[in-house]
Amino acid sequence: MSEATYTIGFANMCETVPFSATVRQGLEAAAAQYPNVRLVVRDNDLNNDKALANAQEFGELGVDLAIIYHIDERMGANLRSVLLKKRIPVIAVDIPIPMTVFFGIDNQQAGYLAGEALGKWVQHNWGGAVDKVLVMTEQRALSAIRTRIDSAVQGLADTAQFDKGTIFYLDGGTHQTTAYERSVSVFNLWEGIQRIAVICSNDDTAMGVIERAREMGREQDIAVIGQGANLAINEFPKPGNRFIASTAYYPEKYGEHLLPLALRMLNKERVPFENLIQPVAVTVDNYQAWLRGEPV
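Read in order, the letters of the sequence shown are residues 929 to 1224 in my numbering.
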């Protein structure tokens, strides 16, 4: 371990999203194992102005490296520019920032695994076909979410039958409450339709859709996949559950990888520009084995 002392700034995506809060907790736990690391934590709160202010604060503090986790991909170049002026290296978490080191999800694999699991469920329960596909996306995360969603649609298409003209894309945001509020219009539009596959960009929006369908007496009309596997496991055991699968990337372990990566960069070592987490599909059928730490 280097004897140099480093200050690392971490701007988290949002403390009210369970996944990113877990990332922060894991990073703090990892940093506590390094006596030569001081971690400065800030909350971007899904807000561009706050993200920019946090980046500016990191510049004023003169942090040695910044770890940025921000939802709006279009803001990335601005955040990088602020830090570049101070010669501060950057690691982007989950949402890419141009010309910085990336750490996070293999979105193509994560999306495909979940979509494939949904298609297999459809084969066994709906005769291999769906009538409508609802895609809950997040318009602020451009390439990352688009890749994840497109791959999930492809995974479903490879294992089930549906007309791609029936796909409806809806900005579900990131929070459960946003997806809950926005999905009602689709359920009203699709009154009487009983085989609706729902592809979500995270577990929070998946739960928002499920809660809305449950409230409207439409839960048995849907089959839902999420991403993150942080909320799905609470739904899997419930009678009549329609949360079919989610893809796990272990947010509690992000810090275990981020801190060594950051220290390698600070010690002027070459590191890959892409550092990808290999996801695992957690389903209603295998989640108990997954919770026990067994291969799935």
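By construction, the Cβ of each residue, glycine as well, lies at the ideal position given by its N, Cα and C atoms.
* Nonlocal neighbours in the same chain, by C-beta distance under 8 Å from residue 1042, ignoring five residues either side -> Taken in chain order, the residues that qualify are 1080, 1083, 1127, 1153, 1154, 1155, 1173, 1174, 1175, 1209.
* Using the Cα positions of residue 974 and residue 997, report the straight-line distance between them to the nearest angstrom. => Rounded to whole angstroms, residue 974 and residue 997 show a C-alpha spacing of 10 Å.
* Start and end residues, beta strand (DSSP E) containing residue 1225 -> Shown here, the chain extends from 929 to 1224; a query on residue 1225 therefore has no answer.
* **Reduced DSSP secondary structure (H/G/I, E/B, other) of residue 872** => For residue 872 there is no data in the structure shown, the boundaries of the chain being 929 and 1224.
* Hey, out of 938, 1183, 1035, 1108, whose CA is closest to residue 989's CA? -> The shortest Cα separation from residue 989 among 938, 1183, 1035, 1108 belongs to 938.
* **residue 961 (DSSP reduced to helix, strand or coil)** => In the structure shown, residue 961 adopts coil according to DSSP, grouped into three states.
* Cβ-based burial, residue 1170 [other Cβ within 10 Å; buried from 16] -> Buried: at least 16 other Cβ atoms inside 10 Å.
* Asked: For residue 930, which three-state DSSP category applies?
  -> With a pLDDT of 46 at residue 930, under the threshold of 50, the predicted position of this residue should be treated as unreliable, and no value is reported.
* To do: Measure the alpha-carbon distance for residue 1192 versus residue 1224 and round it to whole angstroms.
  => So the two alpha carbons sit approximately 32 Å from each other.
* **residue 947 - DSSP class collapsed to helix/strand/coil** => Note: residue 947 maps to helix in three-state DSSP.
* Rounded distance between the beta-carbons of residue 1151 and residue 1134, thought under 8 Å -> Going by Cβ atoms, the distance from residue 1134 to residue 1151 rounds to 11 Å, so no, they are not a contact pair.
* Contacts around residue 1017, its chain only, beta-carbon distance under 6 Å, and the 5 residues preceding and following it disregarded -> Counting only Cβ-Cβ distances below 6 Å, and skipping sequence neighbours, we find 993, 1193.
* Could you name the residues of the same chain whose beta carbon sits closer than 7 Å to that of residue 949, not counting the 5 residues immediately before and after it, in chain order? => Only 943 meet the Cβ criterion.
* **Of the residues 1104, 1137, 1131, the one placed nearest residue 1116, counting alpha carbons only** => Taking only the C-alpha atoms, the option nearest residue 1116 is 1137.
* Asked: To the nearest angstrom, how far is it from the Cα of residue 945 to the Cα of residue 1015?
  -> Roughly 31 Å between the two C-alpha positions.
* Residue from 1072, 1040, 1095, 1119 whose Cα sits closest to the Cα of residue 1087 -> If we check each option's Cα against that of residue 1087, 1040 comes out closest.
* **Cβ neighbour criterion (16 or more within 10 Å) applied to residue 1002** => Looking at its Cβ environment, which holds fewer than 16 other Cβ atoms inside 10 Å, residue 1002 is exposed.
* C-alpha gap between residue 1009 and residue 933, whole angstroms -> In this structure, the straight-line span from the alpha carbon of residue 1009 to that of residue 933 is close to 25 Å.
* To do: Could you check the C-alpha separation between residue 1064 and residue 964 for me, to the nearest Å?
  => C-alpha of residue 1064 to C-alpha of residue 964: approximately 42 Å in a straight line.
* Asked: Are the CB atoms of residue 1038 and residue 1183 nearer to each other than 7 Å?
  -> Pairing residue 1038 with residue 1183 gives a Cβ-Cβ distance that is not under 7 Å.
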